[in-house]
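>
Numbering (the UniProt record's numbering), first residue to last: 1 to 504.
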(Lines of atoms letter the chains of each structure in order from A and count residues from 1; the text may use other names and numbers.)
(Lines give C-alpha, C1' and ligand atoms only; values in the text may rest on other atoms or scores of the structure.)
Protein backbone atom coordinates (compact mmCIF):
# COMPACT_ATOMS: atom_id res chain seq x y z
CA UNK A 1 0.00 0.00 0.00
CA UNK A 2 1.17 3.58 -0.74
CA UNK A 3 -0.02 7.02 0.43
CA UNK A 4 0.61 10.50 -0.94
CA UNK A 5 2.83 12.75 1.17
CA UNK A 6 1.03 15.00 3.66
CA UNK A 7 3.08 17.65 5.44
CA UNK A 8 -0.03 18.99 7.16
CA UNK A 9 -0.64 15.66 8.88
CA UNK A 10 2.81 15.59 10.41
CA UNK A 11 2.49 19.19 11.66
CA UNK A 12 -0.94 18.51 13.12
CA UNK A 13 0.30 15.44 14.98
CA UNK A 14 3.26 17.40 16.37
CA UNK A 15 0.96 20.13 17.66
CA UNK A 16 -1.43 17.60 19.19
CA UNK A 17 1.42 16.02 21.13
CA UNK A 18 2.45 19.27 22.86
CA UNK A 19 -1.07 20.80 23.00
CA UNK A 20 -2.63 23.92 21.53
CA UNK A 21 -1.93 25.77 24.77
CA UNK A 22 1.79 25.65 24.02
CA UNK A 23 1.78 25.73 20.22
CA UNK A 24 -0.48 27.45 17.70
CA UNK A 25 -2.48 25.38 15.26
CA UNK A 26 -0.36 25.22 12.09
CA UNK A 27 -1.55 26.60 8.78
CA UNK A 28 -2.88 23.93 6.46
CA UNK A 29 -3.12 25.42 2.98
CA UNK A 30 -3.56 21.95 1.49
CA UNK A 31 -6.81 21.41 3.46
CA UNK A 32 -10.25 23.08 3.24
CA UNK A 33 -11.09 25.84 5.71
CA UNK A 34 -12.77 24.87 8.98
CA UNK A 35 -15.43 27.08 10.66
CA UNK A 36 -14.37 26.54 14.29
CA UNK A 37 -12.44 29.24 16.12
CA UNK A 38 -11.41 27.38 19.32
CA UNK A 39 -7.82 26.19 18.73
CA UNK A 40 -8.39 22.66 20.03
CA UNK A 41 -11.52 22.25 17.86
CA UNK A 42 -9.70 23.69 14.86
CA UNK A 43 -6.90 21.17 15.36
CA UNK A 44 -9.31 18.24 15.59
CA UNK A 45 -11.35 19.32 12.57
CA UNK A 46 -8.26 19.69 10.43
CA UNK A 47 -6.92 16.35 11.70
CA UNK A 48 -10.18 14.68 10.58
CA UNK A 49 -9.83 16.17 7.11
CA UNK A 50 -6.19 15.10 6.91
CA UNK A 51 -7.04 11.56 8.06
CA UNK A 52 -9.81 11.21 5.46
CA UNK A 53 -7.46 12.39 2.75
CA UNK A 54 -4.76 9.94 3.86
CA UNK A 55 -7.20 7.01 3.82
CA UNK A 56 -8.57 8.06 0.45
CA UNK A 57 -5.05 8.15 -0.89
CA UNK A 58 -4.33 4.46 -0.43
CA UNK A 59 -3.64 2.61 -3.65
CA UNK A 60 -4.17 -1.13 -4.15
CA UNK A 61 -1.22 -3.43 -3.57
CA UNK A 62 0.52 -4.88 -6.60
CA UNK A 63 2.11 -7.87 -4.83
CA UNK A 64 1.65 -11.36 -6.22
CA UNK A 65 -0.87 -13.33 -4.13
CA UNK A 66 0.55 -16.17 -2.04
CA UNK A 67 0.13 -19.54 -3.68
CA UNK A 68 -1.87 -21.82 -1.35
CA UNK A 69 -0.18 -24.95 -0.06
CA UNK A 70 -2.65 -27.13 -1.94
CA UNK A 71 -4.96 -29.78 -0.65
CA UNK A 72 -3.81 -31.70 2.39
CA UNK A 73 -2.17 -34.95 1.37
CA UNK A 74 -3.47 -36.76 4.45
CA UNK A 75 -6.47 -36.32 6.71
CA UNK A 76 -6.23 -34.43 9.96
CA UNK A 77 -6.57 -36.13 13.33
CA UNK A 78 -9.99 -36.30 14.93
CA UNK A 79 -11.34 -33.91 17.53
CA UNK A 80 -10.37 -36.17 20.46
CA UNK A 81 -6.77 -36.55 19.29
CA UNK A 82 -6.55 -32.83 18.59
CA UNK A 83 -7.76 -32.01 22.10
CA UNK A 84 -5.23 -34.45 23.54
CA UNK A 85 -2.46 -32.77 21.56
CA UNK A 86 -3.48 -29.44 23.08
CA UNK A 87 -3.24 -31.04 26.53
CA UNK A 88 0.21 -32.42 25.72
CA UNK A 89 1.45 -29.05 24.48
CA UNK A 90 0.13 -27.37 27.62
CA UNK A 91 1.22 -29.76 30.36
CA UNK A 92 2.75 -33.03 29.10
CA UNK A 93 5.53 -32.10 26.64
CA UNK A 94 7.42 -35.33 27.37
CA UNK A 95 4.70 -37.24 25.48
CA UNK A 96 4.85 -35.09 22.36
CA UNK A 97 7.38 -37.30 20.49
CA UNK A 98 5.13 -40.34 20.97
CA UNK A 99 2.00 -38.49 19.82
CA UNK A 100 3.79 -37.25 16.69
CA UNK A 101 5.10 -40.73 15.89
CA UNK A 102 1.68 -42.33 16.30
CA UNK A 103 0.04 -39.69 14.11
CA UNK A 104 2.63 -40.05 11.34
CA UNK A 105 2.43 -43.86 11.46
CA UNK A 106 -1.35 -43.63 11.11
CA UNK A 107 -1.07 -41.34 8.09
CA UNK A 108 -2.67 -38.44 9.97
CA UNK A 109 -1.56 -34.85 10.41
CA UNK A 110 -2.20 -32.37 13.23
CA UNK A 111 -4.99 -29.86 12.73
CA UNK A 112 -3.98 -26.72 10.85
CA UNK A 113 -4.54 -24.57 13.93
CA UNK A 114 -1.86 -26.43 15.92
CA UNK A 115 0.80 -26.58 13.20
CA UNK A 116 2.40 -23.16 13.95
CA UNK A 117 2.67 -24.06 17.64
CA UNK A 118 4.35 -27.35 16.76
CA UNK A 119 6.80 -25.66 14.41
CA UNK A 120 7.66 -23.16 17.13
CA UNK A 121 8.41 -26.07 19.48
CA UNK A 122 10.89 -27.36 16.93
CA UNK A 123 12.76 -24.04 16.95
CA UNK A 124 13.87 -24.68 20.52
CA UNK A 125 14.18 -28.48 20.38
CA UNK A 126 16.32 -29.82 17.55
CA UNK A 127 15.72 -33.46 18.52
CA UNK A 128 11.98 -32.99 18.04
CA UNK A 129 12.23 -31.47 14.56
CA UNK A 130 12.16 -34.66 12.43
CA UNK A 131 9.07 -35.96 14.25
CA UNK A 132 7.29 -32.63 13.82
CA UNK A 133 7.98 -32.40 10.09
CA UNK A 134 7.02 -36.04 9.47
CA UNK A 135 3.71 -35.52 11.26
CA UNK A 136 2.91 -32.16 9.65
CA UNK A 137 4.05 -33.20 6.18
CA UNK A 138 4.79 -30.90 3.21
CA UNK A 139 2.83 -28.06 4.80
CA UNK A 140 5.74 -27.54 7.21
CA UNK A 141 8.04 -26.55 4.34
CA UNK A 142 5.35 -24.36 2.79
CA UNK A 143 4.99 -22.44 6.06
CA UNK A 144 8.77 -22.15 6.41
CA UNK A 145 8.68 -19.69 3.49
CA UNK A 146 7.04 -17.15 5.81
CA UNK A 147 9.12 -17.65 8.97
CA UNK A 148 12.87 -18.26 8.66
CA UNK A 149 13.01 -19.90 12.10
CA UNK A 150 11.00 -22.79 10.65
CA UNK A 151 13.47 -23.41 7.83
CA UNK A 152 14.63 -26.58 9.60
CA UNK A 153 11.65 -28.23 7.89
CA UNK A 154 13.72 -28.39 4.70
CA UNK A 155 16.22 -30.70 6.42
CA UNK A 156 13.73 -33.56 6.84
CA UNK A 157 13.09 -35.77 3.83
CA UNK A 158 9.58 -37.16 3.42
CA UNK A 159 8.80 -40.40 1.52
CA UNK A 160 7.23 -38.68 -1.52
CA UNK A 161 9.81 -35.90 -1.86
CA UNK A 162 11.43 -35.53 -5.28
CA UNK A 163 14.33 -33.50 -6.61
CA UNK A 164 13.35 -30.25 -8.31
CA UNK A 165 16.02 -28.50 -10.33
CA UNK A 166 14.46 -25.08 -9.76
CA UNK A 167 14.89 -25.48 -5.99
CA UNK A 168 18.55 -26.41 -6.42
CA UNK A 169 19.44 -23.65 -8.87
CA UNK A 170 17.27 -20.78 -7.61
CA UNK A 171 15.95 -21.81 -4.19
CA UNK A 172 16.70 -20.57 -0.70
CA UNK A 173 19.48 -22.33 1.26
CA UNK A 174 16.83 -24.52 2.89
CA UNK A 175 15.23 -25.41 -0.45
CA UNK A 176 18.63 -26.24 -1.94
CA UNK A 177 19.38 -28.51 0.99
CA UNK A 178 16.06 -30.28 0.57
CA UNK A 179 16.52 -30.67 -3.18
CA UNK A 180 19.96 -32.21 -2.70
CA UNK A 181 18.67 -34.58 0.00
CA UNK A 182 15.83 -35.70 -2.28
CA UNK A 183 18.26 -36.39 -5.13
CA UNK A 184 20.65 -38.18 -2.78
CA UNK A 185 17.87 -40.61 -1.83
CA UNK A 186 17.40 -41.72 -5.45
CA UNK A 187 20.70 -40.87 -7.16
CA UNK A 188 23.60 -40.70 -4.68
CA UNK A 189 26.24 -40.20 -7.36
CA UNK A 190 24.28 -37.40 -9.04
CA UNK A 191 23.82 -35.58 -5.74
CA UNK A 192 27.50 -35.90 -4.92
CA UNK A 193 28.47 -34.46 -8.31
CA UNK A 194 26.13 -31.50 -7.84
CA UNK A 195 27.60 -30.77 -4.42
CA UNK A 196 31.19 -31.11 -5.61
CA UNK A 197 30.50 -28.70 -8.47
CA UNK A 198 28.84 -26.14 -6.19
CA UNK A 199 31.30 -26.51 -3.29
CA UNK A 200 33.81 -23.78 -4.28
CA UNK A 201 31.03 -21.18 -4.48
CA UNK A 202 29.45 -21.90 -1.09
CA UNK A 203 30.55 -18.98 1.05
CA UNK A 204 28.57 -19.61 4.24
CA UNK A 205 29.85 -22.32 6.57
CA UNK A 206 26.35 -23.29 7.71
CA UNK A 207 25.31 -23.90 4.13
CA UNK A 208 28.37 -26.06 3.44
CA UNK A 209 27.74 -28.08 6.61
CA UNK A 210 24.04 -28.60 5.92
CA UNK A 211 24.66 -29.70 2.34
CA UNK A 212 27.45 -32.01 3.48
CA UNK A 213 25.03 -33.64 5.93
CA UNK A 214 22.95 -34.92 3.00
CA UNK A 215 25.75 -37.35 2.14
CA UNK A 216 24.79 -39.40 5.21
CA UNK A 217 22.09 -41.00 3.04
CA UNK A 218 23.66 -43.68 0.87
CA UNK A 219 27.13 -42.95 2.24
CA UNK A 220 29.80 -44.90 0.40
CA UNK A 221 33.44 -45.10 -0.61
CA UNK A 222 32.92 -42.79 -3.60
CA UNK A 223 32.08 -39.96 -1.19
CA UNK A 224 35.53 -39.97 0.41
CA UNK A 225 37.28 -37.50 -1.93
CA UNK A 226 34.72 -34.78 -1.21
CA UNK A 227 34.71 -35.53 2.52
CA UNK A 228 38.50 -35.55 2.65
CA UNK A 229 38.48 -32.19 0.91
CA UNK A 230 36.10 -30.88 3.57
CA UNK A 231 38.60 -31.84 6.29
CA UNK A 232 40.58 -28.79 5.18
CA UNK A 233 37.61 -26.42 5.37
CA UNK A 234 38.18 -23.18 7.24
CA UNK A 235 35.10 -23.82 9.41
CA UNK A 236 35.40 -26.15 12.41
CA UNK A 237 31.76 -27.23 12.08
CA UNK A 238 32.27 -28.29 8.47
CA UNK A 239 35.44 -30.20 9.37
CA UNK A 240 33.61 -31.89 12.23
CA UNK A 241 30.75 -32.97 9.95
CA UNK A 242 33.23 -34.39 7.45
CA UNK A 243 34.99 -36.36 10.20
CA UNK A 244 31.67 -37.72 11.50
CA UNK A 245 30.84 -39.08 8.04
CA UNK A 246 34.33 -40.44 7.39
CA UNK A 247 34.14 -42.32 10.71
CA UNK A 248 31.31 -44.34 9.15
CA UNK A 249 33.56 -45.52 6.29
CA UNK A 250 35.81 -48.21 7.84
CA UNK A 251 37.44 -49.12 4.51
CA UNK A 252 38.34 -45.58 3.45
CA UNK A 253 41.83 -44.20 3.09
CA UNK A 254 41.11 -41.96 6.07
CA UNK A 255 40.22 -44.99 8.21
CA UNK A 256 43.42 -46.76 7.18
CA UNK A 257 45.46 -43.70 8.15
CA UNK A 258 43.85 -43.67 11.60
CA UNK A 259 44.65 -47.37 11.98
CA UNK A 260 48.26 -46.55 11.18
CA UNK A 261 48.39 -43.85 13.84
CA UNK A 262 47.00 -46.28 16.43
CA UNK A 263 49.62 -48.90 15.58
CA UNK A 264 52.28 -46.24 15.90
CA UNK A 265 51.19 -44.84 19.26
CA UNK A 266 49.69 -47.79 21.17
CA UNK A 267 51.75 -50.10 23.35
CA UNK A 268 51.26 -52.49 26.25
CA UNK A 269 52.44 -51.53 29.71
CA UNK A 270 54.24 -53.65 32.28
CA UNK A 271 51.01 -55.25 33.53
CA UNK A 272 49.78 -56.14 30.08
CA UNK A 273 47.42 -53.19 29.99
CA UNK A 274 46.98 -50.68 27.21
CA UNK A 275 48.83 -47.38 26.94
CA UNK A 276 48.54 -44.67 24.28
CA UNK A 277 51.49 -42.36 23.71
CA UNK A 278 50.72 -38.63 23.50
CA UNK A 279 49.91 -37.03 20.17
CA UNK A 280 52.51 -34.29 19.81
CA UNK A 281 51.43 -30.85 18.57
CA UNK A 282 53.81 -31.10 15.60
CA UNK A 283 51.98 -34.13 14.17
CA UNK A 284 50.11 -32.15 11.55
CA UNK A 285 49.04 -35.33 9.76
CA UNK A 286 47.21 -36.69 12.80
CA UNK A 287 45.79 -33.31 13.76
CA UNK A 288 44.44 -32.78 10.26
CA UNK A 289 42.76 -36.20 10.07
CA UNK A 290 41.12 -35.62 13.47
CA UNK A 291 40.19 -31.98 12.71
CA UNK A 292 42.21 -30.81 15.70
CA UNK A 293 43.83 -27.38 15.89
CA UNK A 294 46.93 -26.38 17.84
CA UNK A 295 47.18 -22.60 18.13
CA UNK A 296 50.60 -22.48 19.79
CA UNK A 297 49.34 -19.81 22.17
CA UNK A 298 48.66 -22.26 25.00
CA UNK A 299 51.07 -24.68 26.69
CA UNK A 300 50.97 -28.27 25.52
CA UNK A 301 49.91 -29.89 28.78
CA UNK A 302 49.37 -33.55 29.59
CA UNK A 303 45.62 -32.89 29.54
CA UNK A 304 45.66 -31.53 25.98
CA UNK A 305 47.83 -34.45 24.86
CA UNK A 306 45.34 -36.86 26.43
CA UNK A 307 42.46 -35.14 24.64
CA UNK A 308 44.19 -35.62 21.30
CA UNK A 309 44.86 -39.28 22.06
CA UNK A 310 41.23 -39.69 23.11
CA UNK A 311 40.07 -38.26 19.78
CA UNK A 312 42.21 -40.83 17.96
CA UNK A 313 40.80 -43.73 19.98
CA UNK A 314 37.24 -42.48 19.48
CA UNK A 315 37.41 -42.18 15.68
CA UNK A 316 39.80 -44.97 14.67
CA UNK A 317 38.02 -48.14 13.43
CA UNK A 318 37.67 -50.47 16.40
CA UNK A 319 38.92 -53.51 14.49
CA UNK A 320 42.49 -52.18 14.74
CA UNK A 321 42.44 -52.95 18.47
CA UNK A 322 41.57 -56.61 18.03
CA UNK A 323 44.35 -56.89 15.43
CA UNK A 324 46.84 -55.36 17.83
CA UNK A 325 45.87 -56.60 21.27
CA UNK A 326 43.55 -59.59 21.14
CA UNK A 327 41.25 -61.78 19.13
CA UNK A 328 37.95 -60.37 20.35
CA UNK A 329 36.59 -57.14 21.85
CA UNK A 330 36.31 -59.00 25.17
CA UNK A 331 40.06 -59.69 25.08
CA UNK A 332 40.83 -56.02 24.51
CA UNK A 333 38.43 -54.90 27.25
CA UNK A 334 40.19 -57.30 29.64
CA UNK A 335 43.44 -55.51 28.84
CA UNK A 336 41.76 -52.17 29.48
CA UNK A 337 40.94 -53.41 32.98
CA UNK A 338 44.68 -53.69 33.63
CA UNK A 339 45.53 -50.32 32.13
CA UNK A 340 47.06 -47.49 34.14
CA UNK A 341 45.04 -44.95 32.15
CA UNK A 342 41.67 -44.64 33.92
CA UNK A 343 39.99 -42.66 31.12
CA UNK A 344 40.84 -45.16 28.41
CA UNK A 345 37.85 -47.42 28.98
CA UNK A 346 35.39 -44.52 28.90
CA UNK A 347 37.03 -43.40 25.66
CA UNK A 348 36.39 -46.85 24.20
CA UNK A 349 32.79 -46.57 25.38
CA UNK A 350 32.50 -43.30 23.48
CA UNK A 351 33.97 -44.95 20.38
CA UNK A 352 31.54 -47.88 20.55
CA UNK A 353 28.59 -45.51 20.89
CA UNK A 354 29.76 -43.15 18.16
CA UNK A 355 30.45 -45.96 15.71
CA UNK A 356 27.33 -47.92 16.72
CA UNK A 357 29.36 -51.10 17.20
CA UNK A 358 27.20 -53.69 18.96
CA UNK A 359 30.06 -56.15 19.58
CA UNK A 360 32.13 -53.57 21.44
CA UNK A 361 29.13 -52.19 23.32
CA UNK A 362 28.28 -55.73 24.40
CA UNK A 363 31.85 -56.41 25.58
CA UNK A 364 32.04 -53.19 27.59
CA UNK A 365 28.65 -53.69 29.24
CA UNK A 366 29.50 -57.29 30.12
CA UNK A 367 32.72 -56.12 31.76
CA UNK A 368 30.68 -53.81 33.97
CA UNK A 369 28.13 -56.51 34.80
CA UNK A 370 26.35 -55.97 38.09
CA UNK A 371 28.47 -52.85 38.55
CA UNK A 372 25.72 -51.08 36.66
CA UNK A 373 23.59 -51.13 39.82
CA UNK A 374 25.75 -52.55 42.63
CA UNK A 375 27.47 -49.88 44.76
CA UNK A 376 29.90 -52.52 46.05
CA UNK A 377 31.44 -52.96 42.60
CA UNK A 378 34.44 -50.84 41.65
CA UNK A 379 32.72 -50.24 38.30
CA UNK A 380 29.74 -48.57 39.97
CA UNK A 381 31.49 -45.28 40.64
CA UNK A 382 32.73 -45.08 37.03
CA UNK A 383 29.43 -45.81 35.32
CA UNK A 384 28.50 -42.15 34.92
CA UNK A 385 31.54 -41.54 32.71
CA UNK A 386 30.94 -44.53 30.45
CA UNK A 387 28.28 -42.92 28.25
CA UNK A 388 25.85 -45.75 28.94
CA UNK A 389 23.18 -44.28 26.67
CA UNK A 390 25.46 -44.69 23.65
CA UNK A 391 26.35 -48.27 24.59
CA UNK A 392 22.72 -49.29 25.08
CA UNK A 393 21.68 -47.55 21.85
CA UNK A 394 24.21 -49.66 19.92
CA UNK A 395 22.44 -52.87 20.98
CA UNK A 396 19.15 -54.28 19.64
CA UNK A 397 16.18 -53.37 21.90
CA UNK A 398 15.67 -56.84 23.41
CA UNK A 399 19.37 -57.26 24.15
CA UNK A 400 19.82 -53.94 25.93
CA UNK A 401 16.81 -54.77 28.10
CA UNK A 402 18.35 -58.17 28.86
CA UNK A 403 21.64 -56.51 29.91
CA UNK A 404 19.78 -54.48 32.50
CA UNK A 405 17.75 -57.47 33.72
CA UNK A 406 20.92 -59.53 34.14
CA UNK A 407 22.39 -56.80 36.36
CA UNK A 408 19.45 -56.33 38.74
CA UNK A 409 17.94 -58.51 41.44
CA UNK A 410 15.41 -58.14 44.23
CA UNK A 411 17.94 -56.32 46.41
CA UNK A 412 18.81 -53.63 43.84
CA UNK A 413 17.95 -50.25 45.31
CA UNK A 414 16.00 -47.77 43.24
CA UNK A 415 18.59 -45.11 44.05
CA UNK A 416 21.26 -47.27 42.40
CA UNK A 417 18.98 -48.09 39.48
CA UNK A 418 17.80 -44.60 38.57
CA UNK A 419 20.92 -43.50 36.67
CA UNK A 420 20.91 -46.65 34.53
CA UNK A 421 17.25 -47.19 33.74
CA UNK A 422 16.90 -43.77 32.17
CA UNK A 423 19.67 -44.66 29.66
CA UNK A 424 17.72 -47.66 28.31
CA UNK A 425 15.49 -46.18 25.59
CA UNK A 426 12.11 -47.43 24.46
CA UNK A 427 10.85 -49.83 23.30
CA UNK A 428 11.21 -51.93 26.42
CA UNK A 429 10.92 -55.69 26.12
CA UNK A 430 7.99 -57.54 27.67
CA UNK A 431 10.35 -59.07 30.26
CA UNK A 432 11.67 -55.68 31.36
CA UNK A 433 8.13 -54.27 31.53
CA UNK A 434 7.04 -57.21 33.69
CA UNK A 435 10.00 -56.72 36.04
CA UNK A 436 9.24 -53.00 36.40
CA UNK A 437 5.57 -53.73 37.17
CA UNK A 438 6.54 -56.29 39.82
CA UNK A 439 8.92 -53.79 41.37
CA UNK A 440 6.18 -51.17 41.48
CA UNK A 441 4.06 -53.55 43.58
CA UNK A 442 6.73 -53.70 46.30
CA UNK A 443 6.65 -51.23 49.19
CA UNK A 444 9.70 -49.05 49.73
CA UNK A 445 12.09 -50.36 52.38
CA UNK A 446 13.94 -47.14 53.17
CA UNK A 447 13.19 -43.46 53.29
CA UNK A 448 16.20 -42.96 51.01
CA UNK A 449 14.41 -44.94 48.28
CA UNK A 450 11.91 -42.13 47.69
CA UNK A 451 14.26 -40.16 45.44
CA UNK A 452 15.02 -43.20 43.30
CA UNK A 453 11.33 -44.16 43.28
CA UNK A 454 10.45 -40.75 41.85
CA UNK A 455 12.88 -41.20 38.93
CA UNK A 456 11.77 -44.83 38.48
CA UNK A 457 8.12 -43.78 38.13
CA UNK A 458 8.97 -40.91 35.79
CA UNK A 459 10.91 -43.13 33.38
CA UNK A 460 8.38 -45.97 33.58
CA UNK A 461 5.53 -43.58 32.78
CA UNK A 462 7.06 -42.84 29.37
CA UNK A 463 8.47 -46.28 28.47
CA UNK A 464 6.19 -48.96 29.89
CA UNK A 465 3.64 -50.39 27.49
CA UNK A 466 0.57 -48.20 28.15
CA UNK A 467 -1.85 -51.12 28.42
CA UNK A 468 -0.06 -52.14 31.63
CA UNK A 469 -1.89 -49.40 33.54
CA UNK A 470 -4.43 -52.10 34.44
CA UNK A 471 -1.67 -54.23 36.01
CA UNK A 472 -0.83 -51.62 38.64
CA UNK A 473 -2.67 -51.31 41.95
CA UNK A 474 -4.93 -48.30 42.36
CA UNK A 475 -3.11 -47.12 45.46
CA UNK A 476 0.64 -46.57 45.95
CA UNK A 477 2.55 -49.57 47.34
CA UNK A 478 3.79 -47.42 50.20
CA UNK A 479 2.24 -45.11 52.74
CA UNK A 480 4.90 -42.45 52.20
CA UNK A 481 3.12 -39.36 50.90
CA UNK A 482 6.27 -38.23 49.09
CA UNK A 483 6.15 -41.42 47.01
CA UNK A 484 2.41 -41.34 46.39
CA UNK A 485 2.44 -38.40 43.97
CA UNK A 486 4.92 -39.87 41.42
CA UNK A 487 3.15 -43.24 41.55
CA UNK A 488 -0.30 -41.78 40.93
CA UNK A 489 1.10 -39.64 38.12
CA UNK A 490 2.64 -42.78 36.62
CA UNK A 491 -0.74 -44.53 36.52
CA UNK A 492 -2.41 -41.42 35.15
CA UNK A 493 0.22 -41.07 32.41
CA UNK A 494 -0.12 -44.71 31.36
CA UNK A 495 -3.90 -44.30 31.07
CA UNK A 496 -3.36 -41.07 29.14
CA UNK A 497 -0.99 -42.83 26.72
CA UNK A 498 -3.40 -45.76 26.37
CA UNK A 499 -6.23 -43.42 25.36
CA UNK A 500 -3.87 -41.50 23.09
CA UNK A 501 -2.97 -44.70 21.25
CA UNK A 502 -6.62 -45.60 20.73
CA UNK A 503 -7.41 -42.15 19.31
CA UNK A 504 -4.68 -42.40 16.71
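In this text, a Cβ means the ideal position worked out from N, Cα and C, and glycines have one as well. A quick note: this is a predicted structure, and the numbers were derived from the prediction, not measured.
How should residue 38 be labelled, buried or exposed, when 16 other C-beta atoms within 10 angstroms of its C-beta is the threshold for buried?
It counts as exposed.
> For residue 268, does the three-state DSSP call read helix, strand or coil?
Strand, per DSSP.
> Let me know if residue 98 comes out buried or exposed under the rule of 16 or more other beta-carbons within 10 Å of its beta-carbon.
Buried: at least 16 other Cβ atoms inside 10 Å.
> Over the uninterrupted beta strand (DSSP E) stretch that includes residue 275, give me the two end residues.
274 to 276 is the span of the beta strand (DSSP E), which, as asked, contains residue 275.
> Quick one: what does DSSP say residue 307 is sitting in, helix, strand or coil?
In the structure shown, residue 307 sits in a helix (DSSP, three-state: H, G or I).
> What is the rounded straight-line gap between the Cα of residue 475 and the Cα of residue 465?
Approximately 19 Å between the Cα atoms of the pair.
> Is the Cβ-Cβ distance between residue 472 and residue 437 less than 9 Å?
Cβ atoms of residue 472 and residue 437: closer than 9 Å.
> Is the separation between the beta-carbon of residue 259 and that of residue 310 shorter than 9 Å?
No, these two residues do not count as a Cβ contact at 9 Å.
> Mark residue 503 as exposed unless 16 or more other C-beta atoms lie within 10 angstroms of its C-beta, in which case mark it buried.
With 16 or more other Cβ atoms within 10 Å, it is buried.
> Can you give, in chain order, each stretch of the beta strand (DSSP E) that sits fully within the region 110 to 146 and has at least 3 residues?
Complete beta strand (DSSP E) runs here, min 3: none at all.
> Within 10 angstroms of its Cβ, does residue 431 collect 16 or more other Cβ (buried), or is it exposed?
By the neighbour-count rule (16 or more Cβ atoms within 10 Å), residue 431 is not buried but exposed.
> Tell me which residues share the same chain as residue 5 and place their Cβ nearer than 6 Å to its Cβ, disregarding the 5 neighbours each side in the sequence.
Because residue 5 carries a pLDDT of 46, less than 50, the predicted location of this residue cannot be relied on, and the following value inherits that uncertainty. So the list is empty, once near-sequence residues are dropped.
> How big is the Cα-Cα spacing for residue 130 and residue 160?
C-alpha separation (whole angstroms): 15 Å.
> Name the DSSP bridge partner or partners of residue 76?
In the DSSP output, where bridge partners are listed per residue, residue 76 has 109.
> Does DSSP classify residue 254 as helix, strand or coil?
Residue 254 falls in the helix class under three-state DSSP.
> Which stretch, first to last residue, makes up the alpha helix (DSSP H) that contains residue 505?
Any answer about residue 505 is impossible in this case: the structure gives the chain only from 1 up to 504.
> Is residue 84 helix, strand or coil when you go by DSSP?
Helix, per DSSP.
> Counting Cβ pairs, one atom from each stretch, are 3 or more of them under 8 Å apart for the region 274 to 282 and the region 240 to 258?
No: the two stretches stay apart, fewer than three of their Cβ pairs being nearer than 8 Å.
> With a CB to CB cut of under 7 Å and the five nearest residues on each side skipped, what residues in its chain are close to residue 468?
So the qualifying residues of the chain are 433, 437, 494.
> Return the first residue and the last residue of the alpha helix (DSSP H) that residue 397 is part of.
Start and end: 397 to 407.
> From residue 134 to residue 141, what distance separates their C-alpha atoms?
Computed Cα separation, rounded: 11 Å.
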